[in-house]
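> I'd like to ask some things about the structure below.
2 protein chains.
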Amino acid sequence: MLTRVKTAVAGFMGGIMTGGSSGGAGNSSSDLPLKFPYMRPEFLGLSADEIECSADHIARPILILKETRRLPWATGYAEVINAGKSALNEDQACCEVVVARRRPMSYCPPSTPSKTPTAKRRNSLPNGEFYMSTFHLQESEGLVFHYWALFDGHAGSGAAVVASRLLQHHIACQLQAVIEILRNLHSPPPTMLGEEPDSSPYLQGNPPGPHRALTRAASLRGAAGAPSSPSSTPPPPRFYMEKKVQHESLVIGAIENAFKEMDAQLEREKQVYSISGGCTALTVVYLLGKLYVGNAGDSRAIIIRSNEIVSMSTEFTPESERQRLQFLGYMQPQLLGNEFTHLEFPRRVQRKEVGKRMLYRDFTMNGWAYKTVEDEDLKFPLIYGEGKKARVLATIGVTRGLGDHDLKVHDSNIYIKPFLSCIPEVRVYNLTQHEHGTDDVMVMGTDGLWDVLTNEEVTEAVSTFLSNCDPDDLHRYTMAAQDLVMRARGVLRDRGWRITNERLGSGDDISVFIIPLMYGNRQP
Amino acid sequence: MLTRVKTAVAGFMGGIMTGGSSGGAGNSSSDLPLKFPYMRPEFLGLSADEIECSADHIARPILILKETRRLPWATGYAEVINAGKSALNEDQACCEVVVARRRPMSYCPPSTPSKTPTAKRRNSLPNGEFYMSTFHLQESEGLVFHYWALFDGHAGSGAAVVASRLLQHHIACQLQAVIEILRNLHSPPPTMLGEEPDSSPYLQGNPPGPHRALTRAASLRGAAGAPSSPSSTPPPPRFYMEKKVQHESLVIGAIENAFKEMDAQLEREKQVYSISGGCTALTVVYLLGKLYVGNAGDSRAIIIRSNEIVSMSTEFTPESERQRLQFLGYMQPQLLGNEFTHLEFPRRVQRKEVGKRMLYRDFTMNGWAYKTVEDEDLKFPLIYGEGKKARVLATIGVTRGLGDHDLKVHDSNIYIKPFLSCIPEVRVYNLTQHEHGTDDVMVMGTDGLWDVLTNEEVTEAVSTFLSNCDPDDLHRYTMAAQDLVMRARGVLRDRGWRITNERLGSGDDISVFIIPLMYGNRQP
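From first to last, the protein sequence lines stand for chains A and B.
When we follow UniProt numbering, the leftmost residue of the first sequence carries the number 1, and every step to the right adds one.
When we follow UniProt numbering, the leftmost residue of the second sequence carries the number 1, and every step to the right adds one.
Dropping the structure here:
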């Protein structure tokens with residue numbers, strides 16, 4: 001049976017199965033060992049045979065959680081492999097309860113602000129050994145958070161596999177530095193660690209440092225007429241103020257820096273391991289009553305509450321980040337390798353069109369205007385194409401994520417990575433501010449889901465499905481996830497995968513979490 | 001009377017009146033002639049004596065349109081000078097009906113995409129001589145648009161005066177290139193001017209140019225596994241596509257490039273004229289059924305429709321643009337002159353705190369984290385302060401606008417201008433998609449208004465005022481503007497200007513347009 005499937009798959013996929021970087025975990029093109037073997041999410045508990053079966057590009061079986069297993073909050077999960085665009089399912093998923101333990105700071109690499117070049121360090125992170133299967137821990141042991149994540153790999157499955165095993169530990173590490181502060185909800189985070197709040201006489205005495213800048217600011221504000229707060233008398237020096245930071249901001253900062261550290265680790269470990277490709281990352285952290293949704297890529301999370309949609313992420317694509325990328329190309333033209341132009345045109349320019357006037361957009365523009373075409377404009381545009389076909393440097397269709405350190409423009413020495421950001425946008429949802437019923441959920445999905453179904457269609461499908469389930473059946477969220485993946489994949493007809501209204505189904509990998517929100521209200 | 005006022009004002013303002021850059025139009029510190037004399041908005045029709053009276057910082061008279069004068073659409077306008085922070089009212093306003101005439105392209109300087117250094121050109125623009133007092137023009141004469149604008153000057157009134165006289169003509173110039181295209185609503189703007197739509201065989205034949213990049217893109221998409229649209233067969237080359245651009249985008253692009261050209265003109269003309277300071281700019285263009293609201297600075301426009309608020313602009317401040325500015329400082333550290341750090345801290349760092357851990361934010365972060373303080377962190381932060389007190393380079397509290405080319409950090413050679421953007425955000429409101437009653441208006445105000453009144457308070461005040469007016473009284477919008485300025489300025493008590501609930505009134509210059517929207521529906 002397995003052999004037959006494998007043969008069929010190999011035949012169906014033609015050269016792709018043996019095609020190098022997109023086939024397998026990337027070790028075919030490298031003598032380095034794998035950091036982690038290719039896998040499906042640990043929580044599915046699949047055998048090697050089952051994993052192989054799951055890669056059937058013709059049957060495209062939908063994998064769900066076994067009834068004997070249960071994820072935190074009774075979270076539902078389902079996934080399906082693509083229709084042949086890569087041999088393996090390049091999506092990965094993770095769902096765990098994680099403890100950020102009190103440990104000495106040296107345990108984690110500190111996040112490095114951007115001015116310092118990343119030092120080559122050995123990774124000091126464990127490889128998942130503090131996975132927790134229990135929900136309730138003594139407070140003294142550390143800070144507990146719930147964690148769900150989806151990763152969508154490209155150009156190989158390596159980065160997605162590594163990130164799905166380790167990103168949660170980077171988050172735990174970043175949170176370790178602030179455990180005590182987060183616990184102490186009644187006082188704001190101290191500006192400086194190890195000092196009494198407000199006891200620092202930082203502007204009394206004689207600060208020996210950049211004194212001139214300090215007085216400069218005050219004097220300029222009083223004299224030179226720069227915009228200031230309305231007052232008929234010279235304003236008092238205002239630099240005694242101290243910005244107050246919220247607890248929530250520390251968690252956001254921890255998640256942002258965790259993504260950065262994960263990306264730096266991928267870069268370092270590529271020296272000693274084979275880690276192919278790159279991946280998007282969509283993470284949800286539940287901590288102290290709030291959900292923190294971090295997104296770097298084109299996956300999406302929405303909350304469905306009383307059938308209303310709350311958007312919890314933005315997609316980062318060549319179109320949505322066009323101006324950031326064009327600005328970088330304008331500022332650092334050497335990154336374009338004399339082959340690309342930072343200007344955008346509606347299509348390629350021909351040599352015979354030099355001297356004519358053509359529509360263009362610069363990094364400053366949301367609108368369009370005409371410019372006279374010059375030789376320079378014959379270069380390939382940095383951003384090109386529309387919608388799902390839009391590409392950066394004619395190569396990649398997503399502008400944030402992890403990995404891709406070696407990715408170059410084909411047949412050139414132009415690296416893509418400088419244009420990609422590993423930083424997530426983090427949105428916060430305060431669970432304690434709402435009552436949630438059994439049908440109120442968060443839906444997380446890779447782009448395979450959202451490419452074919454709108455937010456409204458997903459909401460309609462999930463709400464209808466859940467309302468027809470026994471509210472006490474803890475398996476209902478998994479069944480709803482399965483239903484959703486089925487609706488996005490469709491069924492195989494003569495002319496390919498079809499969904500309702502004869503639309504094309506998604507030929508991409510599809511992964512979906514459905515997280516019921518009422519469990520959050522029940523947490524301590 | 002005038003003399004008494006002048007003496008009182010001079011006494012009240014102390015040294016500011018004679019203090020150079022913030023007092024007067026800036027010619028005291030320069031031998032160059034003024035480009036335009038200081039003035040109040042042309043449409044107020046004030047005599048020189050009246051202008052002088054309007055600068056009474058104690059009485060702070062509210063200036064409104066005379067009953068004998070009328071602005072297009074019966075627009076209301078009111079303004080008041082500040083409580084002494086500068087000798088002159090540094091706000092300026094403009095309201096005109098402008099014609100973009102069919103003229104040879106050489107009439108306007110073409111907008112220059114950012115790769116080309118701005119050439120030093122003589123300005124070829126008229127200085128306002130095609131001001132139109134009539135609303136209805138023959139179509140053959142050109143394209144007519146309505147125009148309202150507010151400018152809030154700082155560090156002198158020069159830039160605001162010049163921009164209030166000329167920006168509309170830059171917009172007209174940019175629109176000239178696309179008059180025929182905008183008129184022809186039934187076909188989309190052509191990608192290339194002077195060609196039949198879709199007739200260009202740009203990918204047939206043998207393009208002698210960057211052929212490699214073209215095939216590279218297609219081949220990479222087929223082979224290297226970069227994210228692609230779902231498909232089980234190699235995707236066909238997709239670069240035959242051509243992006244379709246909307247008419248609306250041409251108007252947005254024209255406004256964006258007009259701001260850029262206005263700023264470039266200010267830079268050029270500072271060689272031969274005295275033009276002091278800089279200014280924010282908020283413009284509204286009504287063209288072919290749509291309102292285009294362009295904003296560069298911290299003024300604000302809202303639409304009030306059936307008592308509901310529609311936000312029509314974003315404020316650009318050190319806080320709202322923090323990450324853009326930090327990123328620039330990180331990419332081009334020489335702009336920080338070795339005196340500033342691109343990192344943000346909640347307060348200044350002291351030398352004795354080196355080695356301790358302090359809260360910080362990098363350009364990648366929305367949250368906060370702790371870092372170990374280094375010597376480098378003793379520099380003054382690029383972005384510093386909160387709310388109205390936030391500053392870029394300890395100098396300026398607004399991050400977009402026109403002018404400021406000479407502005408430097410006090411007592412240094414560090415220029416502010418590289419961190420400022422002259423590009424507006426343009427939002428579009430389609431007037432034809434809504435029915436508007438006599439009380440539906442757009443309110444435009446400088447920050448003097450919005451610093452003390454919320455959107456909701458402004459809406460409540462305007463709606464209540466208008467509902468108590470005779471709907472046929474065309475002066476009602478001016479009376480409503482006067483009422484609004486009065487509410488923001490307040491009344492002078494023992495301890496300064498006070499508004500309702502004993503709150504502090506605005507001591508800043510305040511300027512307000514109230515534009516009734518039903519007139520837009522009546523335009524041809």
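Glycine is no exception: its CB is placed at the ideal position from the N, C-alpha and C atoms.
1) Go through the region 349-404 of chain A residue by residue and report every complete run of the beta strand (DSSP E) that reaches 3 residues or more, in order.
2) Quick one: which chain B residues come within Cβ less than 7 Å of residue 368/A?
3) Hey, is residue 514/B's beta-carbon within less than 8 Å of any beta-carbon in chain A?
4) Where does residue 146/A fall in DSSP's three states?
5) Kindly provide the ranges of any alpha helix (DSSP H) runs that are 4 or more residues long and lie completely inside the region 317-353 of chain A, ordered along the chain.
6) Could you spell out the range, first to last residue, of the beta strand (DSSP E) harbouring residue 514/A?
7) Mind checking if residue 426/A is an interface residue toward chain B, Cβ cutoff 8 Å exclusive?
8) Spell out whether any CB of chain B is found under 8 Å from the CB atom of residue 337/A.
9) Taking CB distances under 8 Å as the criterion, tell me whether residue 282/B reaches chain A.
10) Please classify residue 306/B as buried or exposed, where buried requires at least 16 neighbouring CB atoms within 10 angstroms.
11) Between the Cα of residue 37/B and the Cα atoms of 275/B, 396/B, 86/B, 450/B, which residue gives the shortest distance?
12) Among 60/B, 40/B, 75/B, 69/B, which one has its Cα closest to the Cα of residue 476/B?
13) In terms of residue numbering, what span does the alpha helix (DSSP H) encompassing residue 483/B cover?
14) What residues from chain B crowd round residue 113/A, counting only those whose CB sits closer than 8 Å?
15) With DSSP collapsed to three states, give me the class of residue 80/B.
16) So, is the C-beta of residue 290/B closer than 8 Å to a C-beta in chain A?
17) Grab the span of the alpha helix (DSSP H) containing residue 73/A for me, first residue to last.
18) What residue does the beta strand (DSSP E) around residue 184/A start on, and which one ends it?
19) Report yes or no: do the region 144-155 of chain B and the region 291-302 of chain B share at least 3 C-beta pairs separated by less than 8 Å?
20) Can you pull the chain A neighbours of residue 191/B, defined as C-beta to C-beta under 7 Å?
21) Are there three or more Cβ pairs, one per stretch, closer than 8 Å when the region 153-170 of chain B is compared with the region 92-102 of chain B?
22) If you drop the 5 nearest sequence neighbours on each side, which residues of the same chain put their C-beta closer than 8 Å to that of residue 386/B?
23) From residue 540/A to residue 483/A, what does the alpha carbon distance come to, in whole angstroms?
24) With DSSP as the reference, please indicate the residues paired to residue 99/B in a beta bridge.
25) Please list, in chain order, the chain A residues whose beta carbon lies closer than 8 Å to that of residue 457/B.
26) Using 8 Å as the limit for Cβ to Cβ distance, is residue 260/A near chain B?
27) Quick check on the DSSP output: the alpha helix (DSSP H) that includes residue 48/B runs from which residue to which?
28) Does DSSP put residue 236/A in a helix, a strand or coil?
29) To which residues of the same chain is residue 294/B closer than 6 Å at the C-beta, ignoring the five residues directly before and after it?
30) Under 8 Å, Cβ to Cβ, is there at least one residue of chain B near residue 331/A?
31) If you count every other CB in all the chains shown that lies within 10 Å of the CB of residue 511/A, and 16 or more means buried, which is it?
32) Rounded to whole angstroms, what is the Cα-Cα separation between residue 504/A and residue 480/A?
33) Please name the residue, chosen from 64/A, 432/A, 348/A, that lies closest to residue 394/A on a Cα-to-Cα basis.
34) So for residue 522/B, helix, strand or coil by DSSP?
35) Buried or exposed for residue 194/B, going by 16 or more other Cβ atoms inside 10 Å?
36) Can you have a look at residue 157/B and say buried or exposed, based on whether 16 or more other CB atoms are within 10 angstroms of its CB?
Inspection of the coordinates gives the following:
1) 357-360, 369-372
2) Along the first sequence, read from residue 1 onward, the residue named residue 368/A stands at position 368. The contacting residues are 245, 249, 250, 253.
3) In the second sequence, residue 514/B corresponds to position 514, counting from 1. By this cut-off, residue 514/B is not an interface position.
4) Translated into the one-based positions of the first sequence, residue 146/A becomes position 146. It is a strand residue.
5) 322-331
6) Within the first sequence, the letter at position 514 stands for residue 514/A. Residues 510-516.
7) Taking the first sequence and counting its residues from 1, one reaches residue 426/A at position 426. It does; some Cβ of chain B falls within 8 Å.
8) To locate residue 337/A, count along the first sequence from 1; it is residue 337. Not an interface residue.
9) Reading the second sequence from its first residue, position 282 is the one you call residue 282/B. Judged by the 8 Å Cβ criterion, residue 282/B is not in contact with chain A.
10) Taking the second sequence and counting its residues from 1, the one referred to as residue 306/B is at position 306. Its Cβ having fewer than 16 others within 10 Å, residue 306/B is exposed.
11) In the second sequence, the residue the question calls residue 37/B occupies position 37. Selected option, being the one with the closest Cα: 275/B.
12) Within the second sequence, residue 476/B is the residue found at index 476, counting from 1. Taking only the C-alpha atoms, the option nearest residue 476/B is 75/B.
13) On the second sequence, residue 483/B is found 483 positions in, with the first residue counted as 1. First-last of the alpha helix (DSSP H) with residue 483/B: 476-489.
14) Position 113 of the first sequence, counting from 1, holds the residue named residue 113/A. The contacting residues are 343, 360, 362, 371.
15) Mapped onto the second sequence, residue 80/B falls at position 80. Looking at residue 80/B - three-state DSSP - the assignment turns out to be strand.
16) Numbered from its first residue, the second sequence carries residue 290/B at position 290. Judged by the 8 Å Cβ criterion, residue 290/B is not in contact with chain A.
17) Translated into positions along the first sequence, residue 73/A becomes position 73. Per DSSP, residue 73/A belongs to no alpha helix (DSSP H) and is neither H nor E.
18) Numbered from 1 along the first sequence, position 184 holds the residue referred to as residue 184/A. Taken as a continuous stretch (DSSP letters only), residue 184/A belongs to no beta strand (DSSP E), as it is neither H nor E.
19) yes
20) Indexing the second sequence from 1 puts residue 191/B at position 191. Chain A residues near residue 191/B: 346, 347, 358, 359.
21) yes
22) If you number the second sequence from 1, residue 386/B lands on position 386. Same-chain partners within the cutoff: 319.
23) Nothing about residue 540/A can be read from this structure; chain A reaches only from 1 to 524.
24) In the second sequence, counting from the first residue as 1, residue 99/B sits at position 99. Bridge partners of residue 99/B: 144/B.
25) By one-based count along the second sequence, residue 457/B stands at place 457. Ordered by position in chain A, no residue passes the 8 Å Cβ test against residue 457/B, which lies about 17 Å from the chain.
26) In the first sequence, residue 260/A corresponds to position 260, counting from 1. For residue 260/A, the answer is yes, since a Cβ of chain B falls inside 8 Å of its Cβ.
27) Your numbering for residue 48/B matches position 48 in the second sequence. Taken as a continuous stretch (DSSP letters only), the alpha helix (DSSP H) holding residue 48/B covers 48-54.
28) Residue mapping note: residue 236/A aligns to position 236 of the first sequence, counting from 1. Bear in mind that the predicted position of residue 236/A carries a pLDDT of just 44, short of 50, making it unreliable; the figure below should be weighed with that in mind. Residue 236/A falls in the coil class under three-state DSSP.
29) Position 294 of the second sequence, counted from the start, is the residue given in the question as residue 294/B. Excluding residues within five positions, the ones whose Cβ falls inside 6 Å are 255, 283, 424, 426.
30) Position 331 of the first sequence, counting from 1, holds the residue named residue 331/A. Residue 331/A counts as touching chain B.
31) As a working mapping, residue 511/A is identified with position 511 in the first sequence. Buried, since its Cβ has 16 or more Cβ neighbours within 10 Å.
32) Taking the first residue of the first sequence as 1, we reach residue 504/A at position 504. Taking the first residue of the first sequence as 1, we reach residue 480/A at position 480. Cα to Cα, residue 504/A sits roughly 21 Å from residue 480/A.
33) Taking the first residue of the first sequence as 1, we reach residue 394/A at position 394. Looking at the Cα atoms, 348/A is the closest of the given residues.
34) In the second sequence, residue 522/B corresponds to position 522, counting from 1. Here residue 522/B sits in helix by DSSP.
35) Position 194 of the second sequence, counted from the start, is the residue given in the question as residue 194/B. So residue 194/B ends up on the exposed side.
36) Position 157 of the second sequence, counted from the first residue, corresponds to residue 157/B. Its Cβ being crowded by 16 or more others within 10 Å, residue 157/B is buried.
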